[in-house]
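Note sheet for the following structure.
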Amino acid sequence: MNETLTEHILEVEEVVMAFGGLMALINLDFQVKKGMIKAIIGPNGAGKTTLFNVITGTFPPTEGAVRFKRQSIETLKAHEIAKLGISRTFQTVELFTNMSVLENVMVGCHTRTRSSFIASGFRLPQVTRKEAQIRSKAMEVLEFIGLTNRSAESADSLPLGDRKILEIGRALATEPELVCLDEPAAGLNETETQAAADLIKRIKEKGITILLVEHDMKVVMDISDEIMVLNYGEKIAEGIPEEIQNNPKVIEAYLGGEENDA
Amino acid sequence: MEEFSFASQLFQYLITGLTVGSVYAMVAIGFNIIYNVTEIINLAQGEFVMLGGLIMVFLHAVAGLPLILAFPITVILVTLVGMLLDRLAIRPIRQPSVLTLIIATIAASIIIKGTAMFIWGKDPFDLPAFSGRTPINFLGAVIQPQYFWVIGFLIVTVILLTLFFEKTIIGKAMSACADNPDAASLMGINVKWMILLSFSLSAAIGAVAGITVTPISLMEYDRGAMLAIKGFGAVVLGGLGSFPGAILGGLILGTIESFGAGLISSGYKDAFALIVLLAVLFFRPSGLLGSVEISKIKRF
Amino acid sequence: MLRIRKLPIVVFGLFIIVFPWIAGQIPAIGNYPDLMIFAGIYCLITIGLSLLMGYAGQISLGQAAFYGIGAYISAILTVHFELNPWLCMVIGTLIASAVAVLVGVPSLKLRGHYLAMATLAFGIIVFIVFNEEIEWTGGPDGMSGIPGLSLFGFEFDTVLRYYYLVWFFVFAAFIFTINVIQSRSGRALRAIHISEAASSAMGVNVSRFKIVVFVYSAILASLAGSLYAHYLNFINPSTFDLFFSIKLLIMIALGGMHEVWGAIVGAFLVTFLSFEWLHFFEEFEVIVYGIILLLVTIFLPHGLVGIPGIVKGWFRR
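Chains as they are written, first to last, in the working numbering: chain Z, 1 to 262; chain X, 1001 to 1300; chain U, 2001 to 2317.
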């Protein structure tokens, strides 16, 4: 049981995120072990999405460091971080509504291929070949998430449940080692939520580490290996699901939240 | 003696700059009023100034009305144009997006400009100065009295607007609309009327600017575009949505333009304001008095 | 899947090839090939704009500047320095590219109105430079004596020859652009249009793509400008004013911003309106353009090429 053998794929060190006078994240410090599902929970406004934005490079932290596979990434831009192997979904589903389901996933394949603007314009054979590769890779992903039969449909014609699944699929197409899912079950009914949870479990089986922001406690308790609780930008608890369930600080933080969560 | 005349030359540029800047400030105030209530940038704003000048010329020189009568009638007519702009160009748009609204206001400005060209042709027109053209000697500079009329009308406009927004019920309703249209409509404020009012006010202010500046710089049909762009420069310089910012931005922009044209190159006169606009957009888009928080408040 | 069908392109190509012969048979449209040269030159610009504004979702209200840069570089270098016109054309595109980067990079952080006004201001500044730098550009009086184009002794000195030259360029640009649209790069641009955040998260270098597409549109506009200069053998600044940038806007709005065919349709229509159909109503010309733009914005946000889609929508109900 050698601790050093269990790799920490993500390390967040004393991260502070301040927007003017507003402290969104305060001395946040935690690690994510490779291959686990770690859930981040907390009342609305606790800073969860801000945390995702810092990790995935939307903006750099005011202070502190983020390390991915030992490499500092807090100053990198979002597309560079995607290339390193971190992907994400968004709280408000940000699908490319001007494209089909398949094309959305194909954009996910963007970071694993290279082709220049000029080569594309001249339709060089290597470009056509890579495009075929992208296409088949995207179809594989669609198969994995179960949306093959809707591949040609416009992304905005899908019901919410499928849209959330598609967004996860798009993130998977980047071949990530760590994927950050921002409220994948929000707004879904029981069947859809179950489908999303199953998909997340299957993603874990592929060896991909998952960081999960979620309000649906059933899902969180069901699939998470570890849970971290944020409140007002600070970590107030961390541990396995059973520990968190019975943690008095967590219960207190949620007492206001419970009224909002139906 | 040389130094004295150079100093007075500089002072001349300053007064000219403040005068021109007053026009830009009024255009900028008009921009802000519409923006604060609707989040639309009305690129036809400059056309109100142009119409103010040309309609006034028509009423006075052609219809023979005395200045003091033609002034309010012109303002009313231009206000009507502003209302038409809202009704015919803005309101019909079913899926407003930033680009669509920009294009719509550009279209409106072309229509207004084209109509002006049709009615008045391409020649510039003049108006008699309100209190004559005997230059005033002021601290060594020789200044046309009309300059003071322009600056004076800016001051009057600012005072009237401040009273309007802070003391009258309609004005306060408009401020409420700017802060939170949903809450405002829940309280019974008719947001559509407020939008119409914002266009009307902006048009009226533009008209005043046009009327007062025509005796100085004449007015022709195609002056609107540059006025709008420079007015926008004043807006951004001062901070989008900020009332004092519009005044400050306008005056500073006018002064920079005046000094630039006088000291560096008169051919590039228009370019100075544009360069300032680009510089602000590139380096400090929130402007002098603006900031994320202030733009959220959107006070007049 | 975004598939731009090949057949219409082939048909259109055949039409372009055959058209001068048709025009030769019908005296009433005998001058049309000359108009088509202008239509082609405008198509070059609008194709680039279509990719920039329609697909990538950016804004440029100052394209006339690049059109002018191409024209003036070609004019200045051939008239003052007697360089090879083709070389000058290339130099023009290089300078236009450099200017595009110079303006584009600081504009990356701008959105919406701010971006629109920045491009507007840029366009006007370039126009003022054309007017003021009289030593180089001849100022408001313009520059004349610009040589024509020739290749290995073959002179493009008739309307017919220049027609085919211009349309060769147009088809080259059209096909290149369509290839880009249907490629990974095109997908990236379309993704950027909808969500820059999601695009970055998928590894798209949003800034680089924005600059690349802006430079591309500048290069096409510059080529158009050079072709224009060598055709008329005379240029003056008024061609490259703010109103031309707005005319370009009308072209793509009328034709349809969201499809590259819209660029062709729009350029054609406005060219013919400009030179032929509105000629009798010169006084109304500006008003008509404004009304067209307004009506299109209100009733046909997807332009004329969007009409088949609207009709299909009716039948679906």
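Virtual Cβ for every residue (Gly too), placed ideally from N, Cα, C.
- Cβ-Cβ distances below 7 Å link residue 1195 of chain X to 1037, 1038 and 1086 in the same chain, with the five nearest sequence neighbours on each side left out; the list follows chain order.
- Judged by DSSP secondary structure, residue 2023 of chain U falls outside any beta strand (DSSP E) and instead within the alpha helix (DSSP H) spanning 2006-2025.
- Of all residues in the region 67-83 of chain Z, only 77, 78, 79, 80, 81, 82 and 83 come within less than 9 Å of chain U when Cβ atoms are compared, listed by chain position.
- Note: residue 164 of chain Z is not bridge-paired with any residue in the DSSP secondary-structure output.
- Against chain U, the beta carbon of residue 113 of chain Z has neighbours under 8 Å at 2184, listed in chain order.
- Among the CB atoms of chain U, one or more fall inside 8 Å of the CB of residue 1118 of chain X.
- At the C-beta level, residue 181 of chain Z and residue 212 of chain Z come within 8 Å of one another.
- The beta carbon of residue 141 of chain Z sits no closer than 8 Å to any beta carbon of chain U.
- The residue from Z:17, Z:200 and Z:71 with its alpha-carbon nearest to that of residue 224 of chain Z is Z:200.
- Among the residues facing chain X, residue 2110 of chain U is included, as its CB has a counterpart in that chain under 8 Å away.
- Scanning the region 1007-1064 of chain X for uninterrupted beta strand (DSSP E) segments of 3 residues or longer gives nothing; none is fully contained.
- Counting only runs of at least 3 residues, the region 1105-1175 of chain X fully encloses the following beta strand (DSSP E) elements, listed from N- to C-terminal order: 1136-1138 and 1141-1143.
- In summary, residue 1188 of chain X is exposed, with fewer than 16 beta-carbon neighbours lying within 10 Å of its beta-carbon over all protein chains present.
- Assignment of residue 2187 of chain U by DSSP, reduced to helix, strand and coil, places it in the helix class.
- Taking 8 Å as the cut-off, the Cβ atoms of residue 2033 of chain U and residue 2159 of chain U count as close.
- Considering only X:1204, X:1170, X:1211 and X:1207, the residue with the shortest C-alpha distance to residue 1193 of chain X is X:1170.
- Looking at the DSSP output, residue 12 of chain Z bridges to Z:30 and Z:66.
- Using a Cβ distance threshold of 8 Å, residue 2221 of chain U and residue 2048 of chain U count as a contacting pair.
- Judged by beta-carbon spacing, residue 2120 of chain U lies beyond the 8 Å limit of residue 2107 of chain U, meaning their Cβ atoms are not closer than that value.
- Within chain U, the residues whose beta carbon sits less than 7 Å from that of residue 1268 of chain X are 2128 and 2132, listed in sequence order.
- Scanning chain X for C-beta atoms nearer than 9 Å to the C-beta of residue 2282 of chain U yields nothing, as the closest lies near 10 Å away.
- Within the same chain, and ignoring the five residues on either side of residue 2178 of chain U in sequence, the residues whose Cβ sits closer than 7 Å to its Cβ are 2004 and 2260.
- The C-beta of residue 1114 of chain X comes closer than 8 Å to at least one C-beta of chain U.
- Residue 2122 of chain U belongs to the set of residues whose beta carbon lies under 8 Å from a beta carbon in chain X.
- Spatial neighbours of residue 57 of chain Z in its own chain (CB-CB distance under 6 Å, excluding positions within 5 residues in sequence) are listed in chain order as 76, 77, 78 and 81.
- A straight line joining the alpha-carbon of residue 1121 of chain X with that of residue 1152 of chain X spans about 31 Å.
- Judged by DSSP secondary structure, residue 180 of chain Z falls within the beta strand (DSSP E) whose first and last residues are 178-182.
- For residue 230 of chain Z, the enclosing beta strand (DSSP E) has its first and last residue at 226-231.
- Residue 2072 of chain U is outside the set of residues whose beta carbon lies under 8 Å from a beta carbon in chain X.
- Following the DSSP letters along the chain, one finds residue 211 of chain Z inside the beta strand (DSSP E) bounded by residues 209-213.
- For the pair residue 1099 of chain X and residue 2289 of chain U, the Cα-to-Cα distance works out to about 18 Å.
- In terms of Cα proximity to residue 70 of chain Z, the closest of Z:97, Z:11, Z:38 and Z:45 is Z:11.
- For residue 2290 of chain U, the chain X residues whose Cβ falls inside 9 Å of its Cβ are 1106, 1107, 1108, 1109, 1110, 1111, 1112, 1113, 1114 and 1115, in order along the chain.
- For residue 2065 of chain U, the uninterrupted alpha helix (DSSP H) segment begins and ends at 2063-2080.
- In the DSSP annotation of this structure, the continuous segment of the alpha helix (DSSP H) that includes residue 242 of chain Z starts and ends at 241-245.
- Contacts between residue 98 of chain Z and chain U, judged by CB atoms closer than 7 Å, involve 2190, 2193 and 2194 in chain order.
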